[in-house]
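Here's the structure, in structure tokens; my notes come after.
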Amino acid sequence: MDTETTEERSQSDGSARPYQEAPGELPGTDSTNQDLLANLEITGTEYDDVLEGNSTALSVSSYHGIPAALSHRMAEFLSSDQLAKMKNLLQMHLLSPVGNPEIPGEGCPLLYVLNLDCRRLIWKCLLLNPLLGESFAIDDDQDSFGLFPTILRLNRQIYDEGIDILYGCNKFMVQCPPQSSHDPEYDHFTLCALTRYEQIDLAYRGVKEDYDIIPAAKYVRHWKIVLSATVPDPHINNGLLLLCRNICTANIQSTEVLIIPRGIERSWHSSETYSDERQLAQTLAPLERLKNIGRFIIRAAEFDEIPKVALSDREELAIEFTPILPDPVDEVRLITLIEGNSDVKIIEGMYMNLLAYVQNFERIEEFRLDMRRVNADDMDEMIEKNILQPFELENSDFDVCEIGTEYFTSSNPFTSSSHPVESALRAAKFAMVENNLEKFEIHRTKLIHYLEPQYQAIEAASRDLVDFIKNEKRPDGLFDHRKDYHAKCLDEATEAMVLLEDYASSIARRLERETRVTIRKQKLLFDSRYDALPREQLLKSCEMAYEKQWWSRLVNTYRETVDDMDTQYLAIREARKKLYAWDLKSTVHETASTPMVLDRPIDWYTYEPDMRINEESHEYRSYPHNESLEHENDYGSEHSDNDWSSRD
């Protein structure tokens, strides 16, 4: 397939609904297909001018050869006249070669004229190819398999109908080879039709930060995975692991795992090339994150199913190939797990939730990005270094390399000083890359425990501030939204400023001594980055309004400042709730959510209920918004037997 195939955007609900058909099924020449289009009528359009004769074929249009594909595949059961009408319908009503799947399908003549069965027959001609499930899909470097996914970009309905056929009915072969069996520059890629655009133009690797992700893999329903049973290099990326990370949440219907027999790959005669059945079980371990697969089998690969890239070009093949299969007990356990519906820990999801939680404590976007920018290429360097030693991130967006300042402003101070958060997060990522769940959970626990005191401080500061604001969100209070003029509120404003400063201080990142030393080398630059943020500007405005006693301006700016801080605090709380979303339900959590706390911003334009106690009856009374304290005092003087206490 071409680049268009791999870049198809997902549906709004993030899923595709595959039709229950055999993968790779192509329309035949039976009477059923002939009957579907036998009575094709195009109404409301004149075609006499474009039809030169029954035997005349239309030229290939600019729509990436779609009519040409119909000529080759549908000519067997369509007459020339019917085929000409069909091709012309496509040519005249596809408004642009590049459409938008978000466009609704209403008014599309193609949908109006052709019924669903007819359209599905067309989509099969354009989107199905059984070669995607053969080794040819890996060996051939051509740009297209005769597929035309551009048709999916016309509108939403065509996209929904076609994507089910493209990814739900085709079977995709993918090879997950060891480093020694192919070009080293491709060691990050599993080899299949969905990744060929990465191999054709490696410039795409610089475009995407996580270039090991296959965008379209999550829609594929049928897989054939070719694996090598050779002993993997621990420093080489695991192709099967990369694939499973992309498809672990997909609705897969069938998967075949084909293990290359002994006698084909490089150094097949060496006793060190292959290990025992226990090592093979470890090789297959990434498959354990898959579940709910209807049909899962493990078998030896046939010779014609083995891509040429896996064959040794310097050694002769063995006279007889030896199948390599896992221990029957391990095989049954793996199949039972994958075809079942038991909970599975997804380490990638666990890491992404941890990353989201940690990133919300940082406000500089470049520093947030640097938290995830360390990639697996740095693994060798990190093995040589102690994980807690200073580690420079290359190509940080914060880098300044002007002559004379490079020494002082060389990097992000949090990463160059090995701040505990960045160090633990980096270690957790490497554990995720290695698929070492035990090590990842250790680093995650350390990181959460380090951030917990700060989170508790933020929560306490927010609670104190909210209690104060609630007390002042009443008639004649500092935050009375119906009051335009404020006077004699110095004490309330002073307390408000103290609570606001405490809230701001609690959200600021904790700085260890090593980090403070690094920041001191670039203090002006570092401070200027934070001083330019909206929150710091608002805090300065609040300070000025307080000093000048511009109370109305202070109240308005105060609201904006609190809302800005609450946005960050609520994001932290939301990410905190998802920290263990990918863990087993029985997992003991290191954190807990505070009950009776509303995760929503403050509504500044409603009064808080004024609940005061009747000291005689010990009952609460809720005062309406338009009832002031003076009104109640008057009421109390007239009805001394109902003496209500004043507001606290």
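Under numbering that gives the first Met the number 0, the first residue of the sequence shown is numbered 0, with each subsequent residue one higher. Cβ coordinates follow ideal geometry from the N, Cα and C atoms, glycine included. As the structure is a prediction and not an experimental result, all values here were calculated from the model.
CB contact flag (residue i, residue j, <8 Å)
i: Ala456; j: Trp550; result: no
i: Pro325; j: Ile346; result: no
i: Pro285; j: Leu239; result: yes
i: Pro600; j: Asp563; result: no
i: Ser461; j: Tyr502; result: yes
i: Leu316; j: Ile258; result: no
i: Gln156; j: Leu110; result: yes
i: Leu523; j: Val561; result: no
i: Ala570; j: Asn359; result: yes
i: Leu333; j: Glu276; result: no
i: Gly161; j: Leu151; result: yes
i: His418; j: Glu511; result: yes
i: Tyr350; j: Met431; result: yes
i: Ala495; j: Phe467; result: yes
i: Phe171; j: His221; result: yes
i: Ile292; j: Ser253; result: yes
i: Tyr158; j: Thr229; result: no
i: Phe147; j: Leu125; result: yes
Residue-chain proximity (residue i, chain C), Cβ-Cβ < 8 Å
i: Ile137; result: Absent here is chain C; the protein component of the structure consists of one chain.
Buried versus exposed call for residue i [16 or more other C-beta atoms within 10 Å across all chains shown]
i: Leu477; result: buried
i: Tyr218; result: buried
i: Arg362; result: buried
i: Ala215; result: buried
i: Phe144; result: buried
i: Phe397; result: For Phe397, the pLDDT reaches just 45, beneath the cut-off of 50, and the residue's location in the model is therefore unreliable, leaving the point undetermined.
i: Leu424; result: buried
i: Met543; result: exposed
i: Thr444; result: exposed
i: Ile447; result: buried
i: Asn128; result: buried
i: Gly132; result: buried
i: Glu255; result: buried
i: Ile137; result: buried
i: Arg515; result: exposed
i: Glu421; result: buried
i: Asn237; result: buried
i: Ile318; result: exposed
i: Arg519; result: exposed
i: Ala459; result: exposed
i: Lys584; result: exposed
i: Arg294; result: exposed
i: Gly205; result: Bear in mind that a pLDDT of 34 at Gly205, under 50, signals an unreliable position, so the model cannot answer this.
i: Lys207; result: Low per-residue confidence applies at Lys207: pLDDT is 38, beneath 50, and the placement is therefore not dependable, though the value from the model is reported in the following sentence. Flag for Lys207 reads exposed.
i: Leu553; result: buried
i: Glu451; result: exposed
i: Val328; result: exposed
i: Ala580; result: exposed
i: Lys123; result: buried
i: Asp163; result: buried
i: Glu573; result: exposed
i: Leu538; result: buried
i: Thr335; result: exposed
i: Asp48; result: Residue placement at Asp48 is poorly supported in this model, since its pLDDT is 38, which falls under 50; the coordinates are not used for a value here.
DSSP bridge partner residues for residue i (one or two, in chain order)
i: Cys191; result: Val173
i: Arg599; result: Note: Arg599 sits in no beta bridge, so no partner.
i: Glu255; result: Lys223 and Ile296
i: Arg261; result: Thr321
i: Thr229; result: Tyr273
Residue closest to residue i, alpha-carbon to alpha-carbon, out of the options
i: Ile213; options: Arg220, Ile246 and Ser227; result: Ile246
i: Thr414; options: Arg372, Phe429, Leu464 and Gln567; result: Arg372
i: Ala710; options: Ala192, Thr321 and Gly293; result: Any question about residue 710 goes unanswered here, given that the chain covers just 0 to 647.
i: Ala507; options: Gln521, Asp530 and Ala486; result: Asp530
i: Trp603; options: Asp582, Arg558, Lys487 and Thr194; result: Arg558
i: Gln521; options: Ala83, Ser410 and Leu146; result: Ser410
i: Leu190; options: Ser227, Asp163 and Leu113; result: Ser227
i: Glu535; options: Thr556, Arg552 and Thr517; result: Thr556
i: Glu437; options: Asp159, Asp582 and Thr149; result: Asp582
i: Glu513; options: Gly348, Leu283 and Ser416; result: Ser416
i: Lys482; options: Tyr273, Tyr606 and Val112; result: Tyr606
i: Ser505; options: Tyr568, Gly348, Asp116 and Tyr449; result: Tyr568
i: Ile323; options: Arg261, Ile337 and Ala355; result: Arg261
Quiz item: Of all the beta strand (DSSP E) runs that stay within the bounds of the stretch 290-351, which reach a length of 3 or more residues?
Solution: If we require 3 residues or more, the beta strand (DSSP E) runs fully inside the stretch 290-351 come out as 294-299.
Quiz prompt | In chain order, each alpha helix (DSSP H) run of at least 4 residues that lies wholly inside the stretch 474-560 | solution = Qualifying alpha helix (DSSP H) stretches, in chain order: 489-506, 512-520, 522-530 and 533-547.
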